[in-house]
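Note sheet for the following structure.
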Amino acid sequence: MDVLVVGSVAYDSVKTRAGTRDDVLGGSATFFGICSSRFTPTGLVAVVGDDFRAADRALLQEQGVNIDGLETLPGKTFRWGGEYHADMVGRDTLFTELNVFEAFAPKLTQQQRSANIVFLANIHPSLQCSVLDQVNCPHFVAVDTMNFWIDSAKPELLKVIERVDALLLNDEEAAQLTGEPNVSTAAKALMELGPSLVVIKRGEHGALMFHEDERFYVPGFPLDEVIDPTGAGDTFAGGFIGHLAKTEDFTPANVRRAAVVGSLMASYCVQGFSVERLATVTDEDISRRYEAFQDLTQFDAIHR
Ligand code: AMP
Numbered sequence: 130m131d132v133l134v135v136g137s138v139a140y141d142s143v144k145t146r147a148g149t150r151d152d153v154l155g156g157s158a159t160f161f162g163i164c165s166s167r168f169t170p171t172g173l174v175a176v177v178g179d180d181f182r183a184a185d186r187a188l189l190q191e192q193g194v195n196i197d198g199l200e201t202l203p204g205k206t207f208r209w210g211g212e213y214h215a216d217m218v219g220r221d222t223l224f225t226e227l228n229v230f231e232a233f234a235p236k237l238t239q240q241q242r243s244a245n246i247v248f249l250a251n252i253h254p255s256l257q258c259s260v261l262d263q264v265n266c267p268h269f270v271a272v273d274t275m276n277f278w279i280d281s282a283k284p285e286l287l288k289v290i291e292r293v294d295a296l297l298l299n300d301e302e303a304a305q306l307t308g309e310p311n312v313s314t315a316a317k318a319l320m321e322l323g324p325s326l327v328v329i330k331r332g333e334h335g336a337l338m339f340h341e342d343e344r345f346y347v348p349g350f351p352l353d354e355v356i357d358p359t360g361a362g363d364t365f366a367g368g369f370i371g372h373l374a375k376t377e378d379f380t381p382a383n384v385r386r387a388a389v390v391g392s393l394m395a396s397y398c399v400q401g402f403s404v405e406r407l408a409t410v411t412d413e414d415i416s417r418r419y420e421a422f423q424d425l426t427q428f429d430a431i432h433r
């Protein structure tokens with residue numbers, strides 16, 4: 130199955146315990162697209178400014194992302210700045226400059242309209258909605274969001290959430306959106322809004338998945354060193370959706386495997402700045418870490 134993603138393509142400035150980087154390639158659609166296209170054909174719908182570097186365009190293409198839907202408008206590319214706390218989990222957003230995204234109105238081609246799976250990555254809910262309005266009944270639609278949009282565009286976001294099969298967000302955002310500090314209660318409240326699958330991402334602690342009557346927990350992979358957590362959530366989504374698209378299997382057991390693939394891809398993402406490590410992950414790395422996850426979480430029954 131092929132995947133279409135709408136989201137941000139950005140230049141990020143990040144400060145972590147491991148160092149500082151300015152204007153490096155980032156954005157929700159970038160991390161998602163690079164990760165998802167490892168598993169299945171993935172097309173990206175987004176906009177950049179005329180300052181977008183040819184090398185970054187080439188990198189997206191080399192990674193297999195279909196960038197026919199990457200428009201260039203006069204002006205500056207979306208920019209985001211963030212600083213991570215010493216625990217490398219909490220972060221403060223220093224700035225969000227929408228730039229060319231303010232004037233962006235995506236127009237999908239016939240081919241993009243027929244995507245089987247649509248991922249509405251973190252971007253203004255009205256853009257997510259516009260993509261949803263243009264696609265011809267996809268098999269599966271998922272949405273991700275962020276505190277910025279919960280604060281500034283909650284009514285539009287709720288309308289998008291009503292129309293999707295799956296919602297991915299982090300624990301703070303789940304609490305912010307529902308007013309429920311307890312993760313299970315927040316997930317239940319979110320499922321009542323429409324999605325049958327809710328994935329609550331918990332940074333280094335992995336993710337909790339609520340699917341119909343099932344619950345599943347996938348840990349974050351324990352790493353000795355984290356370099357830059359930026360994009361981990363989008364990469365998780367790229368692995369999760371990419372695996373589902375590749376296998377064309379939406380049974381509960383495979384949705385669980387997809388969550389493990391999401392978590393393992395995210396664990397590679399945080400091992401480098403920007404997409405540095407994610408872009409060099411091999412099939413062997415993926416298999417090796419999948420086995421390590423199995424090893425990490427298997428235990429026998431107690432025999433009395
Ligand atoms: P994550 O670490 O998975 O939450 O994603 C971080 C990425 O999201 C960065 O590369 C940013 O460029 C991008 N980003 C940050 N804020 C926004 C926003 N308000 N809308 C869209 N993308 C954003």
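Here this note's numbering is used: the first residue of the sequence shown is 130, the next is one more, and so on.
Note that CB positions come from ideal geometry on N, CA and C, so glycine has one too.
Note that the coordinates shown come from a computational prediction; the quantities given were computed from them, not determined experimentally.
Straight-line CA distance for residue i to residue j?
i, j, result
"Pro203", "Asp179", "5 Å"
"His372", "Phe365", "11 Å"
"Ala303", "Ala315", "6 Å"
"Phe161", "Gln192", "12 Å"
"Ala183", "Gly360", "21 Å"
"Glu321", "Thr409", "40 Å"
"Gly401", "Val355", "8 Å"
"Ala334", "Asp363", "The identity of residue 334 in the sequence shown is His, whereas the question assumes Ala. C-alpha separation (whole angstroms): 16 Å."
"His214", "Arg146", "8 Å"
"Ala395", "Val347", "12 Å"
"Arg433", "Asp152", "59 Å"
"Asp414", "Val218", "24 Å"
"Asp131", "Ile196", "14 Å"
"Val177", "Gly155", "12 Å"
"Asn265", "Gln240", "10 Å"
"Thr274", "Arg417", "30 Å"
"Val143", "Gly349", "22 Å"
"Phe207", "Thr159", "12 Å"
"Val289", "Ser165", "22 Å"
"Asp141", "Trp209", "5 Å"
"Arg331", "Leu337", "8 Å"
"Phe277", "Lys283", "10 Å"
"Asp357", "Ala234", "31 Å"
"Asp294", "Ser157", "19 Å"
"Gly367", "Gly391", "7 Å"
"Glu309", "Ser281", "19 Å"
"Val174", "Asp342", "34 Å"
"Arg292", "Ile431", "44 Å"
"Asp412", "Val194", "17 Å"
"Ala318", "Leu306", "9 Å"
"Glu285", "Asp262", "13 Å"
"Thr149", "Gln190", "26 Å"
"Glu405", "Ile370", "21 Å"
"Phe422", "Ala232", "43 Å"
"Leu188", "Asp429", "45 Å"
"His253", "Phe230", "9 Å"
"Phe269", "His340", "14 Å"
Need the endpoints of the beta strand (DSSP E) that residue i sits in, please.
i, result
"Arg208", "207 to 213"
"Arg418", "Arg418 -> not in any beta strand (DSSP E); alpha helix (DSSP H) instead, spanning 412 to 426."
"Met320", "Counting along the chain, Met320 falls outside any beta strand (DSSP E), though it belongs to the alpha helix (DSSP H) covering 312 to 321."
"Glu343", "343 to 347"
"Ala139", "139 to 145"
"Glu200", "194 to 202"
"Ile356", "Segment: none, Ile356 is in no beta strand (DSSP E) and carries neither H nor E."
"Phe168", "It is not in any beta strand (DSSP E) - Phe168 carries neither H nor E in the DSSP assignment."
"Leu154", "148 to 155"
"His432", "Premise fails: His432 is in no beta strand (DSSP E) and is neither H nor E."
"Ala336", "336 to 340"
"Leu133", "132 to 135"
"Leu326", "326 to 330"
Residue i lies in the alpha helix (DSSP H); which residues open and close that run?
i, result
"Asn383", "381 to 398"
"Arg186", "183 to 191"
"Phe402", "Premise fails: Phe402 is in no alpha helix (DSSP H) and is neither H nor E."
"Ile370", "361 to 376"
"Thr307", "300 to 307"
**Request:** Take every Cβ of the stretch 256 to 267, pair it with every Cβ of the stretch 378 to 397, and state whether three or more of those distances are shorter than 8 Å.
**Result:** no
**Message:** Does the stretch 244 to 251 come into contact with the stretch 221 to 233, if we say contact requires no fewer than three beta-carbon pairs (one atom in each stretch) closer than 8 Å?
**Reply:** no
**Message:** To test your reading of the DSSP string, which unbroken beta strand (DSSP E) runs of 3 or more residues are found completely within the stretch 219 to 285?
**Reply:** 220 to 226, 246 to 249, 269 to 273
**Item:** Three or more C-beta pairs below 8 Å linking the stretch 294 to 303 and the stretch 322 to 332
**Value:** yes
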